[in-house]
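Working notes, beginning with the structure itself.
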Amino acid sequence: MTEKYILLATCTDKVGITSLITNKIAQYDSNILHLDHFTEYDHSPNATGQLYLRLEFENVPSLKENLETTLQTHQIDFKLFDNQQHTKIALFVSKEDHAFNEILLRVNRNELPAEIVCIVSNHENNRQFAETLHIPFYYIPSNEDKAIVERKILDVCSEHQVELIVLAKYMQILSDHFVSHYPNQIINIHHSFLPSFIGANPYKQAWECGVKLVGATSHYVTSDLDEGPIIDQDVIRINHRYNVQDLRKIGRHVESSVLAQAVEYHVLHKVIVTASSKTIVFN
1 MTEKYILLAT CTDKVGITSL ITNKIAQYDS NILHLDHFTE YDHSPNATGQ
51 LYLRLEFENV PSLKENLETT LQTHQIDFKL FDNQQHTKIA LFVSKEDHAF
101 NEILLRVNRN ELPAEIVCIV SNHENNRQFA ETLHIPFYYI PSNEDKAIVE
151 RKILDVCSEH QVELIVLAKY MQILSDHFVS HYPNQIINIH HSFLPSFIGA
201 NPYKQAWECG VKLVGATSHY VTSDLDEGPI IDQDVIRINH RYNVQDLRKI
251 GRHVESSVLA QAVEYHVLHK VIVTASSKTI VFN
């Protein structure tokens, strides 16, 4: 694997920003392997655009420190990543195993530059999968006070130096206090029936109403339940011939793929969350 840096940057758009960055990289004889950019304008009079950039370039000595200084001097917000450092993931799960196993297998196949450092669950159902892959499994039931439960989980995440939490059908609502420890570092998945079909048996409710699409949304978790910045979505068209079991099967498939895609975008450093809490995804 080529040793490279990945830069995510954003600032007010003006002439010369991209060349400023690329010229600095060129000064150190680093080859740019990929460059993507996007400028967004609002609709107000005399609006200035906001520039979003993603670059991949060769890792060469002294470049990182000098590039960071240049970006800071020009008031460019940025994050700079080393592709040799894999993201440390905590995988949270309850009873359902489809989305959970999709992430496990993709990481195990080295399809994602990530390491699952621990698994947290309020049920024992999926322990076998963790133990098969020799991943620490923490059974933390939800029968105590929420603050106590979350303190235990935060301690586990701290012990393993977790950088991303993936909620693979973890059927517990995280408190604002918990979420504040991992801003834009918790990814959740939910079916596309919200807010129409809430609570138990959403697929049965949807079938009874004759829905024509089954889908899923993956997003970062915020204090607003299921309303965080959206990373990925997908839908599958259905018709009257599908029964409730068919809908659940299709739902599991689309939830698994959408969650895995969102995790992939995150660990490949392809997502910027804007000031208005929408996402720029360089996909």
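Here UniProt numbering is used: the first residue of the sequence shown is 1, the next is one more, and so on.
Ideal placement from N, C-alpha and C gives every residue a C-beta, glycine not left out.
Cα atoms of cysteine 11 and threonine 279: separation of roughly 15 Å, rounded to the nearest angstrom. Closest by C-alpha distance to asparagine 83, out of Ile140, Lys270, Met171, Pro113, is Pro113.
Inter-residue distance for phenylalanine 81 and glutamine 245 is about 43 Å (C-alpha atoms, whole angstroms).
With contacts defined as CB atoms closer than 8 Å, valine 254 and isoleucine 236 qualify as a contacting pair. Annotation: the continuous beta strand (DSSP E) that includes glutamine 50 extends over 50–58. Under a 10 Å Cβ-count criterion, glycine 251 is classified as buried, with 16 or more other Cβ atoms of the shown protein chains found around its own Cβ. With respect to the 8 Å criterion, asparagine 243 and valine 221 are not classified as neighbours on the basis of their beta carbons.
Distance from the Cα of serine 192 is smallest, within the candidate group Ile198, Thr87, Thr217, Ser180, for Thr217.
Under the Cβ criterion (8 Å, minimum of three pairs), the region 119–136 does not count as touching the region 37–54.
Annotation for glutamine 233: the continuous beta strand (DSSP E) segment containing it runs 230–237. Every beta strand (DSSP E) stretch that sits fully inside the region 130–206 and reaches 3 residues is listed by chain position as 137–139, 164–167, 186–191. Annotation for glutamine 233: Thr217 place their beta carbon closer than 6 Å to its own, counting only its chain and skipping 5 residues before and after. Less than 8 Å divides the Cβ of tyrosine 28 from the Cβ of leucine 63. Proximity to valine 267 across Ile230, Ser158, Glu115, Thr2 peaks at Glu115, based on C-alpha coordinates. One Cα belongs to tryptophan 207, the other to histidine 269, and the distance between them is close to 38 Å. The Cβ-Cβ distance between proline 141 and isoleucine 119 does not fall below 8 Å. In its chain, beyond the 5 residues on either side, Arg252, Ser256 have a beta carbon closer than 6 Å to the beta carbon of histidine 98.
For glutamate 65, no beta strand (DSSP E) run applies; the uninterrupted alpha helix (DSSP H) run containing it begins and ends at 63–73, by DSSP. Nearest neighbour of isoleucine 103 by Cα position, chosen from Leu67, Glu96, Ala168, turns out to be Ala168.
Separation of threonine 274 and glutamate 58 (C-alpha to C-alpha, rounded to the nearest whole angstrom) is 27 Å. In the displayed model, threonine 279 falls within a strand according to three-state DSSP. The secondary-structure analysis by DSSP pairs tyrosine 242 with nothing; it has no beta-bridge partner. With distances taken between CA atoms, leucine 154 lies nearest to Val179 out of Leu133, Leu225, Val179. With respect to the C-alpha of isoleucine 148, the residue from Val166, Glu163, Met171, His177 having the closest C-alpha is His177. Taking 8 Å as the cut-off, the beta carbon of threonine 22 is found closer than this to the beta carbon of isoleucine 32.
For the set Glu144, Ser158, Asn201, the Cα lying nearest the Cα of valine 117 is the one of Ser158. In the three-state DSSP reduction, serine 256 falls in the helix class (H, G or I).
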